[in-house]
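Structure record follows, encoded as structure tokens.
There are 2 protein chains.
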Amino acid sequence: MDNITIFDVAKKAGVSKSTVSRVINNKKNVNEKTRQKILQVIDELDFQPSNSARSLVTKKTRNIGLILPDLGDCFFAKFTKGAEEICRSNNYNLLMISSYWDVKAEQDRIDILHNNRMDGLLLVSGSSISRSYINQLENKNLPIVVIDRLLPNTKIPTVNPDNFHGAYTGLKHLIKLGHEKISCVQGPGDLYSVQERIRGYRTAVTEKNPHFNPQKYIFQGQFDRESGYKAARKIIKTRPRSTAVFFTNDRMAVGGMEAFKEANIKIPEDISILGCDDLDYVSLLSPPLTTLEQPREKMGQKGISILMDIIENSRENKKQKKEKDWSFKFEMKLKIRGSTGPVPSR
Amino acid sequence: MDNITIFDVAKKAGVSKSTVSRVINNKKNVNEKTRQKILQVIDELDFQPSNSARSLVTKKTRNIGLILPDLGDCFFAKFTKGAEEICRSNNYNLLMISSYWDVKAEQDRIDILHNNRMDGLLLVSGSSISRSYINQLENKNLPIVVIDRLLPNTKIPTVNPDNFHGAYTGLKHLIKLGHEKISCVQGPGDLYSVQERIRGYRTAVTEKNPHFNPQKYIFQGQFDRESGYKAARKIIKTRPRSTAVFFTNDRMAVGGMEAFKEANIKIPEDISILGCDDLDYVSLLSPPLTTLEQPREKMGQKGISILMDIIENSRENKKQKKEKDWSFKFEMKLKIRGSTGPVPSR
DNA sequence: AATTATCGTGGGAGCGCTCCCACAACTCCT
DNA sequence: AGGAGTTGTGGGAGCGCTCCCACGATAATT
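Those protein sequences? They're chains B and S, same order as listed. Counting from 1, position 17 in the first sequence corresponds to residue 25 in my numbering; the numbering is continuous, with no gaps. Counting from 1, position 134 in the second sequence corresponds to residue 142 in my numbering; the numbering is continuous, with no gaps.
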């Protein structure tokens, strides 16, 4: 069946395997006529060079690994999509694997993929990354790009949304609507993205109003719906109650909205809600959620592009190894929808 | 760096590469002491056998390809997740690729993966599959399992939800609530799943009421939100208006709900809505959507399990090649939520 | 005209493994 | 005691490719 090898092509075309190899690898020093002839034979025989044999000698597999916390999660699916697109157009394969939010599992997965001789890894980490972990990654001698995390003092490229400016912009919108007592529900505090969003919040709310103490208005959440609901319950009990809440992700915002509805607090008449992420469906809620869009698909694309650059680059000129500082930020766009409105006139 | 080969292990352990090979492949006829010694050396050297070299001789890559219409779509992400789980636990890698709902692209992708020497393919097809296409698949000499499509007269295993009984059950629920004039919004008519759901609808609504003419109550949709909205607009104009609508997927149901809300028709007081699929978020809508759950994650798992069976089986005994009829149906569970209620008392 | 560079090509080694066969050393029957 | 099995081991071929080197034929340079 699939036994047509470079040899069969060579024989049928009346040349040596070396010449065929030159043709399939687009090398020069091949007579144009010979090239055409070989191309024709390749087509006739439907010849496909064996990846295994190729990789065995070149040490390149043209496989990229993608690790993310949960393949089934809509939030991550967008990264996946963007990543796959770029891989496909560069003739790379994309291999995916879930880490289930577990640092240990994540490291296992990295090893698995490394052992499977991936050419590079795109890591969407489910947790904060420790210094020792970073070192480990750096020592693997394997191109890695990390999405949605900040890695201080490292040459590992990262791709992030501009969480600070995003949050800042969102908060400015609320402030412009007249809100002053704005609460904030934060996610897991060890996450870089959360820290930046909180910083954006703090900066915006204290800018014109230095007497405002954000500390009193920050509530703890865990990025899931349940914790958003609970935080909202707390906010409801707090006096004086806020007129707006910034949830540091959409999932919590959804939980929060449920709590407010339950308590018969009208959105946005009594309270404005600002989310973050722009999940697929939040525009379908009632009211549709105002939120900050994270360009996840583009981030996935960018991650792979960087990886390609590194791989191709190290292939070309191993000597110079110009380790650029590759660290990208993507703008978060404010999507104004129905969940935010003017501050209630008391 | 990664240059430790089976030879290095052999040398350090004082045996031949053959013996090491036997150990890493769990073959018998190896002295227990030698095995232990080799295992220890493997560990010390952190030796990982090269997949490329292995595949080159065994013709097996331990890679499975997954083709689906859109990696970024929540609906499909669940299949992905289930598939990856089983692959992982069997030490197979999962390679994913989007076909973007295009039959031509789908076939291209199949070729790509075939050429990349996948051991098997899981295909979540974005469209109906023609006879010639099926023949093509069968001739590829490549284990393939198809999800969410019926392939008549073929040995290609399929995994499907039980669309007929699902729809039937859902409709029975509406009927029990007193509804008689129940409309139905169908999706692309060439899809097997749609045909079955419609069949379930027809069976249920005519069972006790032979005078009911379902044909007048079936509206065309395209599985997207927009077409659900449009279909609902038509239903609103129709006299006498239905008291319940079965949308053959959730996306259309969402669009429909928007149209009804806009027209000030209350759900479920004035009209009951039944969806199909149970997308992640439909329980968050107002009111939460009653729908039929499709166990997509389990279907993904099952698909891969079948694939594993076929692969392992053809590996073991090529002679008998017992082509079982592998065709699985999964129950669709009715999720009763807020969008369905008793028929309005006029 | 003699030397050197360039082009087009073939041959061979080697990538790291698996798998078949050979062979020695035992054990076990009759 | 002698043939037949069993167990443990090593050696060699070969999987399908790439890449280096050699070599003849032209073309360009002095």
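All C-beta atoms in this analysis are idealised placements derived from N, C-alpha and C, irrespective of residue type, glycine included.
Q | Any C-beta of chain S under 9 Å from that of B/I314 | A | As a working note, residue 314 of chain B is residue 306 in the first sequence. Cβ-Cβ to chain S under 9 Å: no for B/I314.
Q) Does any residue of chain S bring its CB to less than 9 Å from the CB of B/S106? A) Start at 1 with the first residue of the first sequence, and residue 106 of chain B comes out as number 98. It does; some Cβ of chain S falls within 9 Å.
Q.
Assuming S/L76 is part of the alpha helix (DSSP H), what are its boundary residues?
A. Working through the second sequence from its first residue, we reach residue 76 of chain S at position 68. Per DSSP, S/L76 belongs to no alpha helix (DSSP H); it is in the beta strand (DSSP E), N71 to L76.
Q: Classify S/V65 as buried or exposed, calling it buried when 16 or more other Cβ atoms lie within 10 Å of its own Cβ.
A: For the purposes of this step, residue 65 of chain S is taken as the residue at position 57 of the second sequence. Looking at its Cβ environment, which holds fewer than 16 other Cβ atoms inside 10 Å, S/V65 is exposed.
Q. Given that a residue counts as buried once 16 or more other Cβ atoms are within 10 Å of its Cβ, and exposed if not, what is S/F172?
A. Within the second sequence, the letter at position 164 stands for residue 172 of chain S. S/F172 is buried by the Cβ-count criterion.
Q. For B/V213, does the three-state DSSP call read helix, strand or coil?
A. For the purposes of this step, residue 213 of chain B is taken as residue 205 along the first sequence, with counting starting at 1. B/V213: helix per DSSP, three-state reduction.
Q: Return the chain-ordered list of same chain residues with a C-beta closer than 6 Å to the C-beta of B/Q328, the five sequence neighbours on each side being excluded.
A: Taking the first sequence and counting its residues from 1, one reaches residue 328 of chain B at position 320. Unreliable placement is indicated for B/Q328, whose pLDDT of 44 sits below 50; the coordinate value is still reported in the next sentence. So no residue of the chain qualifies.
Q) Taking 9 Å as the CB-CB limit, is B/L158 close to chain S? A) Indexing the first sequence from 1 puts residue 158 of chain B at position 150. Not one chain S Cβ lies under 9 Å of B/L158.
Q: Spatial neighbours of B/G174 within its chain, please: CB distance less than 6 Å, with the 5 preceding and 5 following residues excluded, ordered by chain position.
A: Your numbering for residue 174 of chain B matches position 166 in the first sequence. Within the same chain, B/G174 has close Cβ partners L300 and M340.
Q) Under a three-way DSSP split, which group does B/M104 fall into? A) Stepping through the first sequence from its first residue, residue 104 of chain B is reached at position 96. B/M104: strand per DSSP, three-state reduction.
Q: Mark B/G208 as exposed unless 16 or more other C-beta atoms lie within 10 angstroms of its C-beta, in which case mark it buried.
A: Residue mapping note: residue 208 of chain B aligns to position 200 of the first sequence, counting from 1. By the 10 Å Cβ count, B/G208 comes out buried.
Q) Does DSSP put S/K306 in a helix, in a strand, or in coil? A) Here residue 306 of chain S corresponds to residue number 298 of the second sequence, with the count starting at 1. S/K306 falls in the helix class under three-state DSSP.
Q) Between which two residues does the beta strand (DSSP E) containing B/K337 stretch? A) If you number the first sequence from 1, residue 337 of chain B lands on position 329. That run of the beta strand (DSSP E) goes S335 to F338.
(Q) When you compare the CB of B/Q44 with every CB in chain S, is at least one pair closer than 9 Å? (A) In the first sequence, counting from the first residue as 1, residue 44 of chain B sits at position 36. Output row for B/Q44: interface = no.
Q. Could one say the Cβ of B/T88 lies closer than 9 Å to chain S's Cβ atoms, at least one of them?
A. One-based indexing of the first sequence puts residue 88 of chain B at position 80. So, interface residue.
Q) By Cβ distance, which residues of its chain are closer than 6 Å to S/P6, with the 5 residues on each side in sequence left out? A) A query on residue 6 of chain S cannot be resolved here, the shown segment of chain S reaching from 9 to 354 and no further.
**Q.** Neighbouring residues, chain S, relative to B/C82 (Cβ below 7 Å)
**A.** As a working mapping, residue 82 of chain B is identified with position 74 in the first sequence. Chain S residues near B/C82: C82, A85 and D288.
Q | Selection of the region 110-142 of chain B by Cβ proximity to chain S, strictly under 7 Å | A | N123, N124 and R125
Q. How many Å lie between S/I355 and B/I50 at the Cα?
A. Outside the displayed range of chain S (9 to 354) lies residue 355 of chain S, so it cannot be described from this structure.
(Q) For B/D119, count the other beta carbons within 10 Å of its own beta carbon; 16 or more makes it buried, fewer makes it exposed. Which is it? (A) Stepping through the first sequence from its first residue, residue 119 of chain B is reached at position 111. Label assigned to B/D119: exposed.
Q. What do you reckon, are the CB atoms on S/N124 and S/N71 nearer than 9 Å?
A. Reading the second sequence from its first residue, position 116 is the one you call residue 124 of chain S. Reading the second sequence from its first residue, position 63 is the one you call residue 71 of chain S. For S/N124 and S/N71, yes; Cβs fall inside 9 Å.
Q. Expressed to the nearest angstrom, what Euclidean distance is found between the alpha-carbon atoms of B/R345 and B/P276?
A. Here residue 345 of chain B corresponds to residue number 337 of the first sequence, with the count starting at 1. Here residue 276 of chain B corresponds to residue number 268 of the first sequence, with the count starting at 1. Roughly 10 Å separates the two Cα atoms.
Q. From S/F231 to S/G263, what does the alpha carbon distance come to, in whole angstroms?
A. Reading the second sequence from its first residue, position 223 is the one you call residue 231 of chain S. Reading the second sequence from its first residue, position 255 is the one you call residue 263 of chain S. So the alpha carbons of these two residues sit roughly 10 Å apart.
Q: State the start and end residues of the unbroken beta strand (DSSP E) segment that holds B/S353.
A: Your numbering for residue 353 of chain B matches position 345 in the first sequence. B/S353 -> no beta strand (DSSP E), and no H or E assigned at all.
Q. How would you write the range of the alpha helix (DSSP H) that S/Q48 sits in, first residue to last?
A. Taking the first residue of the second sequence as position 1, residue 48 of chain S is located at position 40. Counting along the chain, the alpha helix (DSSP H) containing S/Q48 begins and ends at E40 to L53.
Q: Tell whether a beta-carbon distance below 9 Å holds between S/G178 and S/T298.
A: Position 170 of the second sequence holds residue 178 of chain S. Position 290 of the second sequence holds residue 298 of chain S. Going by beta carbons, S/G178 and S/T298 fall inside the 9 Å limit.
Q.
Closer than 8 Å is the cut-off here; do at least three beta carbon pairs connect the region 209-225 of chain B with the region 16-32 of chain S?
A. As far as the Cβ criterion goes, the region 209-225 of chain B does not touch the region 16-32 of chain S, which means the pair count is below three.
Q. From B/P350 to B/E270, what distance separates their C-alpha atoms?
A. Residue 350 of chain B sits at position 342 when you count from the first residue of the first sequence. Residue 270 of chain B sits at position 262 when you count from the first residue of the first sequence. Going by the C-alpha atoms only, they are around 21 Å apart.
Q | Enclosing alpha helix (DSSP H) for B/L145 [first to last residue] | A | As a first step, residue 145 of chain B must be located in the first sequence, where it is residue number 137. Run containing B/L145: R139 to N147, per the alpha helix (DSSP H) assignment.
**Q.** Contact belief for B/V154 with B/L131 at Cβ below 8 Å, rounded distance in angstroms
**A.** Position 146 of the first sequence, counting from 1, holds the residue named residue 154 of chain B. Position 123 of the first sequence, counting from 1, holds the residue named residue 131 of chain B. The pair is a contact, with the Cβ atoms about 5 Å apart (cut-off 8 Å).
Q: Report yes if the CB atom of B/L292 is closer than 9 Å to the CB atom of B/A261, and no otherwise.
A: Taking the first sequence and counting its residues from 1, the one referred to as residue 292 of chain B is at position 284. Taking the first sequence and counting its residues from 1, the one referred to as residue 261 of chain B is at position 253. Result no, Cβ atoms of B/L292 and B/A261 do not sit closer than 9 Å.
Q) Can you list, in chain order, the residues of its chain whose CB lies under 6 Å from that of B/P77, leaving out five sequence neighbours each side? A) Sequence index remark: in the first sequence, residue 77 of chain B carries index 69 (1-based). Around B/P77: S107, W109 and G134.
Q. Under a CB-based cut-off of 9 Å, is S/L347 close to chain B?
A. Within the second sequence, numbered from 1, the residue matching residue 347 of chain S stands at position 339. Per the sequence shown, residue 347 of chain S should be read as Ser rather than Leu. With respect to chain B, the C-beta atom of S/S347 has no partner C-beta closer than 9 Å.
Q.
Give me, in chain order, the residues of the same chain whose beta-carbon lies closer than 6 Å to that of B/I319; leave out the 5 immediate sequence neighbours on both sides.
A. For the purposes of this step, residue 319 of chain B is identified with residue 311 of the first sequence, where counting begins at 1. The answer, listed in chain order, is D127, G128 and P151.
Q: Using a Cβ cut-off of 9 Å (strictly closer), state whether B/V262 contacts chain S.
A: Numbered from 1 along the first sequence, position 254 holds the residue referred to as residue 262 of chain B. Chain S contact via Cβ: present.
**Q.** Anticipated Cβ contact below 8 Å, S/D198 with S/S136, distance rounded
**A.** Locating residue 198 of chain S in the second sequence gives position 190, counting from the first residue. Locating residue 136 of chain S in the second sequence gives position 128, counting from the first residue. Yes, S/D198 and S/S136 are in contact; Cβ-Cβ is about 4 Å, under 8 Å.
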